[in-house]
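Participant:
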Amino acid sequence: MYAGLTAPPLIIGSALGLTTAQLSTLLAAALLVAGLGTIAQTYGLFGIGARLPLTNGVSFAVVSPALATVAAEERNALPAIFGATLVAGVVCLLLAPAFRGLVRFFPPVVSGCVITLVGLSLLPVAGTWARGGDVAAPDFGSSSNLALAAATLAITLVIHRVLAGRFLGRVAILLGILAGTLIAVPLGKVDLASLGRAPLLALPEPFAFGAPAFVPSVIATAVVVMVVSMMESTASLLALSAVTGRPAQDRTITGSLRAQGLATVLGGVFGAFTSTVYAQNVGLVALSRIRSRYVITLCGAILVLMGLVPVLGSLVALVPLPVLGGAGVVFFGSVAVAGIRTLAKAALGSGHNSLIVSVALAVGLFPIADAGFYARLPAPVATVLGSGITAGCLVAVLLNYALNHLGGGAEDDPEVTPAEPDGLPGTPDAAPGPRHAGLRFDPHPAAARTGAPPRLGGAARAPQPFDAWPPYVTPAPDPAPQYPPYRDPTAGAAEHTSAPPPGTIPSTGPAEAAPSAPVSFPGPLHPLRTRHARPNHPEPAADPTARPGQHPPPPPRPGDR
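Add 448 to the 1-based position in the sequence shown for this note's numbering, that's all there is to it.
See below:
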């Protein structure tokens, strides 16, 4: 996260030719605003913040428009950029309530594509870090950098395997980064002299680079970047919700975007840039399984201290980029795995959903594989489509609406999975077995009567195997039982041809006395303790001297004295 925070200010400041003191001011402002935005995002007050373990930071999407502004506004570049950042933050605050309705457009087939693209778009960043980070450096892509990244990755995997289920196993990635940094010290990859050059304390100054300037063209570009950043933040929020198991509700998205807009406004005041939710934290949460938002709140407080005390920031900056690249392979890949797990919830066996995933991933991977794929398009369009996450998200949402909603299409039709034979439920083409003959499975009788296809969850349901079975036919009742001629044991031999009286049970033996009515004893007895009086042993009368609830003595048996 620190590398992602410091990269945009360093790139833009280097393009402007700023001094070391001015670069330190940009870095301190970026860290301070990121810490405040993270605290607002995780703690959540007055409807601001998602109250989830999310981290805020400078959006990398602002780099390209900022460099274009630097080329067009040579003398007034930073005031124009920060003025546009202020306007973009206000726009984000105003549009935040409208974005809460986006959840309904993100079923598993859409959110899975977006989360997968988030992870895949971060993997090239890990590859760049593993090679050294700076393309112009002489050791970029050297064997020492790649070996250091591989060693960090191997140590992380070993710790995660050996200490699985323990606390140290959950922080395996942090231990791997620490071990990789210690290995990099004798290789000369750690610049310890930078600690002495950093100032001890640096307080932020509002509008340190001059009063903000409001240039319409720069503002328009900043608003487009802000909308793109809001969509990426929503995608990261959905990814984190899938990892933590906490469903993203409307107020969650609104609060998250409000925190992002507030951080962007503060960035325009103190000299930072457009803020966004960092997707790297999603992979870290998935790997460490530490889902407490208060841990991330503490991280935000550390970022604030790093912005106020640059020495702390320099201490964190000692971690070489190859070490971060080796660790990034793990937690960036974890984000892609979370997306694949979400896609597994969608019925990809359906022709519509498989087509949506195929096209959305392809369109989203175009700018990831080739950064200049949309470079010849108009600037606003190129800015929107230049983000693979945004391009894939738009395609997935539009295709899902066109194929699964327009014209009564079925959304996320559940697959019919083969199960047992003999016509049991789940067998796609099984004929009715003997145990199911004459039955018809129809959970929607009204739809069957009208001839319309039954619906499931508001969408048309595909025909099921049992729908084609013949309707249920009520079987004919069994014939009346035929009793043998009634024989009265007390009558003569000639009087045995009469039928038994209605409701009586024929008998061939001597008549038995009917069981007597239940006899209850005094006191509150359980119903199961009520017993029937036997004809040969009549129950004794109740003892008037017995206490309530006391059972009377049993009757005397023959031979008792």
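Every residue gets a Cβ at the ideal spot worked out from N, C-alpha and C, and that includes glycine.
Quantities reported herein were computed from a predicted structural model and do not represent experimental measurements.
So what does Ser723 bridge to, in DSSP terms?
Facilitator: For the purposes of this step, residue 723 is taken as the residue at position 275 of the sequence shown. Paired residue(s): Val506.
Participant: Output needed for Leu464: all residues of its chain with C-beta closer than 8 Å, excluding positions within five of it in sequence on either side, in chain order.
Facilitator: Taking the sequence shown and counting its residues from 1, one reaches residue 464 at position 16. So the qualifying residues of the chain are Val518, Ala525 and Leu526.
Participant: Using a Cβ distance threshold of 8 Å, determine whether the stretch 670-685 contacts the stretch 469-489, with at least three qualifying pairs required.
Facilitator: no
Participant: Starting from Pro545, trace the alpha helix (DSSP H) both ways and give me its first and last residue.
Facilitator: As a working note, residue 545 is residue 97 in the sequence shown. From DSSP, the alpha helix (DSSP H) with Pro545 extends over Ala525 to Phe547.
Participant: Using only the alpha-carbon positions, how far apart do Thr724 and Leu803 sit?
Facilitator: Within the sequence shown, residue 724 is the residue found at index 276, counting from 1. Within the sequence shown, residue 803 is the residue found at index 355, counting from 1. Here the alpha carbons of Leu803 and Thr724 stand approximately 30 Å from one another.
Participant: Give me, in chain order, the residues of the same chain whose beta-carbon lies closer than 8 Å to that of Val733; leave out the 5 immediate sequence neighbours on both sides.
Facilitator: One-based indexing of the sequence shown puts residue 733 at position 285. Excluding positions up to five away in sequence, the list reads Pro501, Leu688, Val691, Thr692 and Arg739.
Participant: With respect to the alpha helix (DSSP H) encompassing Thr467, which residues constitute its N-terminal and C-terminal limits?
Facilitator: Within the sequence shown, numbered from 1, the residue matching residue 467 stands at position 19. Here Thr467 belongs to no alpha helix (DSSP H), and DSSP marks it neither H nor E.
Participant: Rounded C-beta distance between Cys561 and Leu842? I'm assuming under 8 Å.
Facilitator: Taking the first residue of the sequence shown as position 1, residue 561 is located at position 113. Taking the first residue of the sequence shown as position 1, residue 842 is located at position 394. About 11 Å; that fails the 8 Å criterion.
Participant: Closer than 6 Å by C-beta to Ala620: which residues in its own chain qualify, once you throw out the five before and the five after it? Chain order, please.
Facilitator: Within the sequence shown, residue 620 is the residue found at index 172, counting from 1. Within the same chain, Ala620 has close Cβ partners Thr604, Ile607 and His608.
Participant: Leaving out five residues on either side along the sequence, give the residues of the same chain with a beta carbon under 7 Å from the beta carbon of Thr473.
Facilitator: Taking the sequence shown and counting its residues from 1, the one referred to as residue 473 is at position 25. Here the set comprises Ala656 and Gly719.
Participant: Please state if the CB of Val638 and the CB of Leu766 are separated by a distance shorter than 8 Å.
Facilitator: As a position in the sequence shown, residue 766 is number 318, starting the count at 1. As a position in the sequence shown, residue 638 is number 190, starting the count at 1. Yes.
Participant: Under the three-state reduction of DSSP, which class applies to Ile496: helix, strand or coil?
Facilitator: Walking along the sequence shown from the start, residue 496 turns up at place 48. Looking at Ile496 - three-state DSSP - the assignment turns out to be strand.
Participant: Answer with buried or exposed for Leu825, where buried requires no fewer than 16 other C-beta atoms within 10 angstroms of its C-beta.
Facilitator: Position 377 of the sequence shown holds residue 825. Exposed, because fewer than 16 other Cβ atoms sit within 10 Å of the Cβ of Leu825.
Participant: Specify whether the stretch 814-834 and the stretch 659-673 touch according to this definition: at least 3 beta carbon pairs, one from each stretch, less than 8 Å apart.
Facilitator: yes
Participant: Please list the segments of the alpha helix (DSSP H) lying wholly inside the stretch 616-666, counting only runs of 4 or more residues, in order along the chain.
Facilitator: Unbroken alpha helix (DSSP H) stretches of 4 residues or longer found wholly inside the stretch 616-666: 620-632 and 642-645, given in chain order.
Participant: Ala819 by DSSP, collapsed to three states: which one?
Facilitator: Counted from its first residue, the sequence shown places residue 819 at position 371. Here Ala819 sits in coil by DSSP.
Participant: Please report how far the alpha carbon of Ala794 lies from the alpha carbon of Ser704, in whole angstroms.
Facilitator: Counted from its first residue, the sequence shown places residue 794 at position 346. Counted from its first residue, the sequence shown places residue 704 at position 256. Cα to Cα, the separation comes out at about 26 Å.
Participant: Under the rule that 16 or more other beta-carbon atoms within 10 Å means buried, what is Cys497, buried or exposed?
Facilitator: Indexing the sequence shown from 1 puts residue 497 at position 49. Looking at the sequence itself, residue 497 is Gly, so the reference to Cys does not match. Here Gly497 is buried. Its C-beta has 16 or more other C-beta atoms within 10 Å.
Participant: Do Ala578 and Asn593 count as a contact pair if the criterion is CB distance below 8 Å?
Facilitator: Counting from 1 along the sequence shown, the entry for residue 593 is found at position 145. Counting from 1 along the sequence shown, the entry for residue 578 is found at position 130. Yes, the Cβ-Cβ distance between Asn593 and Ala578 is below 8 Å.
Participant: Apply the 10 Å Cβ neighbour rule to Gly755 and answer buried if 16 or more other Cβ atoms are within range, or exposed otherwise.
Facilitator: Residue 755 sits at position 307 when you count from the first residue of the sequence shown. With 16 or more Cβ atoms within 10 Å of its Cβ, Gly755 is classed as buried.
Participant: Below 8 Å between beta carbons: does that hold for Leu796 and Leu568?
Facilitator: Residue mapping note: residue 796 aligns to position 348 of the sequence shown, counting from 1. Residue mapping note: residue 568 aligns to position 120 of the sequence shown, counting from 1. Going by C-beta atoms, Leu796 is not nearer than 8 Å to Leu568.
Participant: Is any heavy atom of the ligand NAD found at a distance shorter than 7 Å from the C-beta of Pro826?
Facilitator: Annotation note on the ligand NAD: not contained in the displayed structure, which lists no ligands.
Participant: Quick one: Cα of Leu616 to Cα of Phe779, how far?
Facilitator: Locating residue 616 in the sequence shown gives position 168, counting from the first residue. Locating residue 779 in the sequence shown gives position 331, counting from the first residue. If you take the alpha carbons of Leu616 and Phe779, they lie about 16 Å apart.
Participant: Quick check on the burial criterion: 16 or more other C-beta atoms within 10 angstroms. Buried or exposed for Ser591?
Facilitator: Residue 591 sits at position 143 when you count from the first residue of the sequence shown. With fewer than 16 Cβ atoms within 10 Å of its Cβ, Ser591 is classed as exposed.
Participant: Helix, strand or coil: how does DSSP classify Leu791 here?
Facilitator: As a position in the sequence shown, residue 791 is number 343, starting the count at 1. Correct three-state label for Leu791: helix.
Participant: Ile788: buried (16+ other C-beta within 10 angstroms of its C-beta) or exposed?
Facilitator: Start at 1 with the first residue of the sequence shown, and residue 788 comes out as number 340. Ile788 counts as exposed, since fewer than 16 other beta carbons sit within 10 angstroms of its beta carbon.
Participant: Would you tell me roughly how many angstroms separate the C-alpha atoms of Ile816 and Ser835, rounded to the nearest one?
Facilitator: To locate residue 816, count along the sequence shown from 1; it is residue 368. To locate residue 835, count along the sequence shown from 1; it is residue 387. One C-alpha to the other measures close to 8 Å.
Participant: Can you give the Cα-Cα distance for Val717 and Ile460, rounded to whole angstroms?
Facilitator: In the sequence shown, residue 717 corresponds to position 269, counting from 1. In the sequence shown, residue 460 corresponds to position 12, counting from 1. Taking the straight line from one Cα to the other gives about 17 Å.
Participant: Once you ignore the five residues that flank Asp745 on each side, which residues in its own chain have a CB closer than 8 Å to its CB?
Facilitator: Stepping through the sequence shown from its first residue, residue 745 is reached at position 297. Rather than Asp, the amino acid found at residue 745 in this sequence is Thr. Only Thr486, Ile487, Thr490 and Tyr491 meet the Cβ criterion.
Participant: With 16 as the cutoff for other CB atoms within 10 Å, does Ala879 come out buried or exposed?
Facilitator: For the purposes of this step, residue 879 is identified with residue 431 of the sequence shown, where counting begins at 1. Below a pLDDT of 50, predicted positions are generally treated as unreliable, and Ala879, at 37, falls in that range; the measurement from the model is reported next regardless. When all chains shown are included, Ala879 counts as exposed.
Participant: Should Val535 be labelled buried (16 or more other beta-carbon atoms within 10 Å of its own) or exposed?
Facilitator: As a first step, residue 535 is located in the sequence shown; it is residue number 87 there, counting from the start. Buried, since its Cβ has 16 or more Cβ neighbours within 10 Å.
Participant: May I ask you to report which of helix, strand or coil DSSP gives Arg614?
Facilitator: Within the sequence shown, numbered from 1, the residue matching residue 614 stands at position 166. It is coil, neither helix nor strand.
Participant: To the nearest angstrom, how far is it from the Cα of Val666 to the Cα of Gly537?
Facilitator: Start at 1 with the first residue of the sequence shown, and residue 666 comes out as number 218. Start at 1 with the first residue of the sequence shown, and residue 537 comes out as number 89. The straight-line gap separating the alpha-carbon atoms of Val666 and Gly537 is approximately 14 Å.
Participant: Does the Cβ of Arg737 have 16 or more other Cβ atoms within 10 Å, making it buried, or fewer, making it exposed?
Facilitator: Taking the first residue of the sequence shown as position 1, residue 737 is located at position 289. Exposed, since its Cβ has fewer than 16 Cβ neighbours within 10 Å.
Participant: Between which two residues does the alpha helix (DSSP H) carrying Ala711 extend?
Facilitator: Counting from one through the sequence shown, the residue named residue 711 turns up at place 263. From DSSP, the alpha helix (DSSP H) with Ala711 extends over Asp698 to Phe718.
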